[in-house]
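*Asks:* Take the sequence shown: its letter number 429 is residue 429 in full-length UniProt numbering, and every next letter is one higher.
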Amino acid sequence: MKIATWNVNGLRSIVDLQKTLLALDCDIICLQETKLSYETLDSSLALIDGFDSYFAFCKVRRGYSGVATYCKGNFSPDLVFDNFHDLYEELQFAHPDRQYLGDFDDLNLLDNEGRVLASRHKLTNCSKAEFLFILNVYCPRVDPEQMDRQNYRLAFLKLLQHCTECLLNSGNYVLILGDMNLCHKRIDHCDPDQQFDTNEARIWLCEFLYDSSENSKGKMVDLYRLHYPDKVRMFTCWNTQKRARILNYGTRIDYILANVDLIDQCNCCEILSTIQGSDHCPVIAELSIKISAASVQLQLSSRKRFASVGTQLSLLTFLKTTTNKNSSRIAVEENNDADDQLMLSNECTVRKRKIRKCLTLKDLWSTEDNTQPTVSSASSVTVAQVNADGEVDEEEDVVELDAEEKLSRVENWKKLFGRTSQPRQQAPLCKGHGERCVLRSVKKAGKNLNRKFYCCARPVGFKDDKQSRCDHFQWAD
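#1: Look at L117 and A56 and say whether their C-beta atoms are less than 7 Å apart.
#2: For I253, name the three-state secondary structure that DSSP assigns.
#3: List the DSSP bridge partners of V174.
#4: Here's the rule I'm using: 16 or more other beta-carbon atoms within 10 Å means buried, otherwise exposed. How should D179 be labelled?
#5: Nearest to Q474 by CA position, among D103, A457, C269 and W238, is which residue?
#6: Classify H433 as helix, strand or coil using the three-state DSSP reduction.
#7: Quick check on P140: buried or exposed, where buried means 16 or more other Cβ atoms within 10 Å of its Cβ?
#8: With C-beta atoms as the reference, is D279 less than 7 Å away from T240?
#9: Decide if R115 is buried, meaning its Cβ has at least 16 other Cβ atoms within 10 Å, or exposed.
#10: If you draw a straight line from the C-alpha of H162 to the C-alpha of Q32, how long is it?
#11: Measure how close the beta-carbons of L257 and M234 come, nearest whole angstrom, since I'm counting them as under 8 Å.
#12: I'd like the list of long-range same chain contacts for D143, defined as Cβ closer than 7 Å, with 5 residues on each side in sequence excluded.
#13: Beta-carbon within less than 7 Å of Y100's beta-carbon, same chain only, minus the 5 sequence neighbours each way: which residues are those?
#14: Just the C-alpha distance for K290 and I28, rounded to the nearest angstrom, thanks.
#15: What are the partner residues of D222, as DSSP defines its beta bridges?
#16: Grab me the residues of E435's own chain with a C-beta within less than 8 Å of its C-beta, minus the 5 sequence neighbours each way, in chain order.
#17: My output table needs one value for T20: the three-state DSSP class, helix, strand or coil.
#18: Return the residue from the list T5, A476, L416 and D464 that minimises the CA-CA distance to I176.
#19: Which residue or residues does DSSP assign as beta-bridge partners of R120?
#20: Does the structure place the stretch 10-21 close enough to the stretch 34-52 that three or more beta carbon pairs sit under 8 Å?
#21: Note the first and the last residue of the continuous alpha helix (DSSP H) segment covering M89.
#22: Considering only residues of the same chain and omitting the five flanking positions on each side of V80, which have a CB-CB separation below 6 Å?
#23: From C126, T236 and D82, pick the residue whose C-alpha is nearest to that of I246; which is it?
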């Protein structure tokens, strides 16, 4: 069985989802940060040939968070939960108490953001366990200035641990795939700070993961580090605004974790850093286990949800102009009178219409009474086309403007908004490379918010990399 995890940073950003999923060549694919709601999910994303899909949605914000799991037909689960609460209720697990989760002891508070999908798969020819649970997770990211989010994050991580331990104690195998938003060790970060090892969430992760070199009580194993314990600069996430991926200056925050008894079945685990399309890259693993497909279609299955919909029509379907190229004789009915029908043979008609010219700013300021506007040789012509249903569609050509007219319109708009053409201040040269700087603005809240500054135009990278951005900084004002 081959599995994959990938934070896609918006599922709609993937141009061809089916082609992308097939290219990963995996049986079960866990995606995070889908940024979809229940209402905005359509069949083009949910119904992919060869896969069934399951989604968890954020309930408190639109276009935020969300996870999805795509399973090939012969790897379909027999149970799926899109929240912790339903999983605990169905499997009759005792809920963690307030002492364990703090202020977030109500599981519904931790389920509101659509950050987990749990699927149960029936194992075959396995003497140690009957079922495999796959937890697809998108763990919360923390803003250091928001203490409530730090507490929320820790509560979510502790709930994930509690759920994992309950599943293991019930005799199941467990795989956790997803974006943990957390680096494990210093080699997983391009620039770890001095407080790296004292981070509370990182301390939790170190205790959660099994480490053979210590007296570890952890129940889960990082499959990538199982195969590559000391490999450096193997990252899964990069800052795209700083173009950090160009020089591989990132972090490893995407994981595939397996319980200790399952690691002997793991053949390999790889980071696919060459796959583009997101600020993250996929991580895949192959395990020597076999799964039998479920015979029942689940309530959360996308195929069940869209079964009665058939092929969904998008708005573009009604806007497209089509031409019937195969018809040799097409009837256009006028005035509902059969005697007045016009028969056309292998040709189209051009209907004459009055050509109207849109008013420009120049027209509004003009003192002349132009009752008959003139049109250049690039005038608009309306062509009648007959579609497959025998109806007439009208398609209007775009009027092409010459360069002088375009420039005139730009200047008129500048005048309207009180802007005049003034030469821009030339950017200074950076002190590291002697190249032109780029203009940026401060985004962090504070007294310098939105203040502009110059910095090196090169992508960010390691300090010993001469191709990376130098430390040039200069206020623009």
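Each residue gets a CB set at the ideal place from its N, CA and C atoms; glycine is no exception.
*Replies:* Quick look at the numbers:
#1: yes
#2: coil
#3: F133
#4: buried
#5: A457
#6: coil
#7: buried
#8: yes
#9: buried
#10: 21 Å
#11: Wrong, their Cβ atoms sit about 16 Å apart, outside the cutoff.
#12: R149
#13: K158 and H162
#14: 12 Å
#15: L257
#16: L429, C456, A457 and R458
#17: helix
#18: T5
#19: L79 and F133
#20: yes
#21: It is Glu, not Met, that sits at residue 89 in the sequence shown. Looking at the DSSP string, the run of the alpha helix (DSSP H) that includes E89 is F84 to L91.
#22: Y54, S119, L298 and L300
#23: T236
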